[in-house]
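Chains as they are written, first to last, in full-length UniProt numbering: chain A, 1 to 319; chain B, 1 to 319.
Accompanying notes for the structure given below.
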């Protein structure tokens, strides 16, 4: 069985070179000479076994998704990913797990040209905390507090896959095993939106990523921007796989509205900039869907097939 | 019971202002405009219940120490602490715990003028991961790879309290309850060495903090600097409280040599700079003790009362 330092060397070293990195793994701190003309965007997220992922999750998927959820926060600011740290708590030094976990992690890190500059490993119930860092030109970050009345609300990609996977994983819904495998993979190997997000800054000042559920996350924008919105739930885009799922139209929409863990971009755009937005999206081959509008009136009005949607709903919170 | 967002607002908000912080808590990322003439030092450490601290640990102590172990890494590079993020996993939203934990945390953060710029809370077994950030003038960081043959090895403060507390906590040693309380407090409310460490850079190029045990940590310096050392174990400085502890001289020394969790600075200084070092230490009222010398020969020779110390030893590792 590998010791702590051997484990780090075997599975996590050699990925710590990059622009501005003066000192990588192996000292008390990493040292960075940050970009002079950029702001540094910093985010951190934790995944705990049994809470954020099912016990026995495929370690490749887990490595990928642990980084993806953090990269998604960088994307939502329009930041270019640069580096990350990893704090890994493991019940034991399982080499097979570590090999697959690190393969999944670096498959995404390498694609995003992110260096792993430090971290720690310790013993305990499986838990992964990553802090991720990116650069964004000064004053150009997309922020939650910059939505304006009249802005059109858009979402990238499709919604509901995160919610569908969790529902099926808890056996609240029965999916054929081959269908479940596809849902599982799609819910874990989520494409990152970093490249599209950086282009999006040309037409967008306000964005976030859908992690707690579309409606709950939209509420964060409304509160921070001191505005309201009309949201057309029936416009929420669903993956074509939903055609094979035995749920009513409303149930599908509810997964897209409240399910969370989709890691798509929710953003607002001034109507004058829509044609440019559409060109950018086409150029990056990213599907975008208008789903509502920001209003001066501070309420959030949810519509389903042009009628008010009134069911109680609450964004995901841990406590 | 407080929800996740209310919990963050109640106990962890309002500490996110500081020099260079463009955007604090509440968005997907924090945004920083880093110091132009400095390097950014980054470190991250995790404390897990039952591994890094005993179940039922005083939450004030825990808040303090979670940050201290990270600040200690900044100190060992000679960096000025600037800000941190907190990832907190809790079994439930216990307000009494959170009040005391955050009091302990901010008692140290405020003293060090550190802003809390972001983080997350989630449900699960109690675990705390902090990433801490500091600034150090370009090229001036103290590093593990810069020890030179002939350098004198020093340690700040006293050693062994971390090891003594763990031994007593596991009932491998019986301490009277009032004595145990003092040991407990001293092992948790460890003074930070950040101010002394920044002054130390005038005379020192190589330092780290004693977290895994003096001998194990010295080995990190030797490996990275490609040198050896002679270490006089009987010179390791002990707190006066050890006079009241029923252990042999050798047993006490072994706690100081292999116990870990002391978070003092272990550093090497060119003999020509000793008189300046002594002035700096006196000026900062920090006790320093010469405990050995760096050698060209790459072995680590441990001496106890001028004789080789031969007992098998291994630095603390999690696996």
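Ideal Cβ placement from N, Cα and C applies to all residues, glycine included.
Along chain D, which residues have their Cβ under 7 Å away from the Cβ of residue i?
i, result
"residue 39 of chain A", "Judged by its chain identifiers, the structure shown contains no chain D, and its protein chains are A and B."
So what's residue i in DSSP terms, helix, strand or just coil?
i, result
"residue 53 of chain B", "strand"
"residue 181 of chain B", "helix"
"residue 39 of chain B", "strand"
"residue 249 of chain A", "helix"
"residue 149 of chain A", "coil"
"residue 103 of chain A", "helix"
"residue 243 of chain A", "helix"
"residue 162 of chain B", "helix"
"residue 282 of chain B", "helix"
"residue 31 of chain B", "strand"
"residue 123 of chain B", "strand"
"residue 167 of chain A", "helix"
"residue 111 of chain B", "helix"
"residue 307 of chain B", "strand"
"residue 116 of chain A", "strand"
"residue 96 of chain B", "helix"
"residue 47 of chain A", "strand"
Could you spell out the range, first to last residue, of the beta strand (DSSP E) harbouring residue i?
i, result
"residue 322 of chain A", "Within the shown structure, residues of chain A are numbered from 1 to 319, placing residue 322 of chain A beyond reach of any answer."
"residue 190 of chain A", "Here residue 190 of chain A belongs to no beta strand (DSSP E), and DSSP marks it neither H nor E."
"residue 154 of chain B", "152–156"
"residue 87 of chain A", "80–90"
"residue 259 of chain A", "Per DSSP, residue 259 of chain A belongs to no beta strand (DSSP E) and is neither H nor E."
"residue 70 of chain B", "Element bounds for residue 70 of chain B: not the beta strand (DSSP E) but the alpha helix (DSSP H), 59–77."
"residue 204 of chain B", "204–209"
"residue 236 of chain A", "Premise fails: residue 236 of chain A is in no beta strand (DSSP E) and is neither H nor E."
"residue 228 of chain A", "228–232"
"residue 23 of chain B", "21–23"
"residue 265 of chain A", "265–269"
Give the range of the alpha helix (DSSP H) segment to which residue i is assigned.
i, result
"residue 219 of chain B", "214–225"
"residue 298 of chain A", "Careful: residue 298 of chain A lies outside any alpha helix (DSSP H) and carries neither H nor E."
"residue 6 of chain B", "4–12"
Please find out if some non-hydrogen atom of the ligand FAD comes closer than 7 Å to the beta-carbon of residue i.
i, result
"residue 79 of chain B", "Inclusion of the ligand FAD in the displayed structure is not the case, the ligand content being empty and no account of it being possible."
Within 10 Å of its beta-carbon, does residue i have 16 or more other beta-carbons around it, so buried, or fewer, so exposed?
i, result
"residue 118 of chain B", "buried"
"residue 81 of chain A", "buried"
"residue 261 of chain A", "buried"
"residue 213 of chain A", "buried"
"residue 69 of chain A", "buried"
"residue 147 of chain B", "buried"
"residue 183 of chain A", "buried"
"residue 134 of chain A", "buried"
"residue 95 of chain A", "exposed"
"residue 229 of chain A", "buried"
"residue 48 of chain A", "buried"
"residue 193 of chain B", "buried"
"residue 64 of chain B", "buried"
"residue 36 of chain B", "exposed"
"residue 297 of chain A", "exposed"
"residue 276 of chain B", "exposed"
"residue 227 of chain A", "buried"
### Query
Can you find at least 3 beta carbon pairs, one from the region 123–135 of chain B and one from the region 85–92 of chain B, that sit closer than 8 Å?
yes
### Task
Spell out a yes or no on whether the region 53–65 of chain A and the region 14–25 of chain B are touching, meaning 3 or more CB-CB pairs, one atom from each, closer than 8 Å.
The region 53–65 of chain A, when compared against the region 14–25 of chain B, does not touch it at the 8 Å Cβ threshold.
### Task
Count the CB pairs spanning the region 154–167 of chain A and the region 274–294 of chain A that are closer than 8 Å, and state whether there are at least three.
Touching, per the Cβ criterion.
### Query
Three or more beta-carbon pairs under 8 Å between the region 33–51 of chain B and the region 2–12 of chain B, yes or no?
no
### Query
Below 8 Å, can you find three or more Cβ-Cβ pairs linking the region 161–175 of chain A to the region 238–254 of chain A?
Verdict: yes, contact present.
### At least three beta-carbon pairs within less than 8 Å, the region 162–171 of chain A to the region 96–112 of chain A
Using a Cβ-Cβ distance cut-off of 8 Å, the region 162–171 of chain A and the region 96–112 of chain A are not in contact, since fewer than three pairs of beta carbons, one from each stretch, lie closer than that value.
### Query
With a cut-off of 8 Å, do at least 3 Cβ pairs link the region 193–207 of chain B to the region 301–309 of chain B?
no
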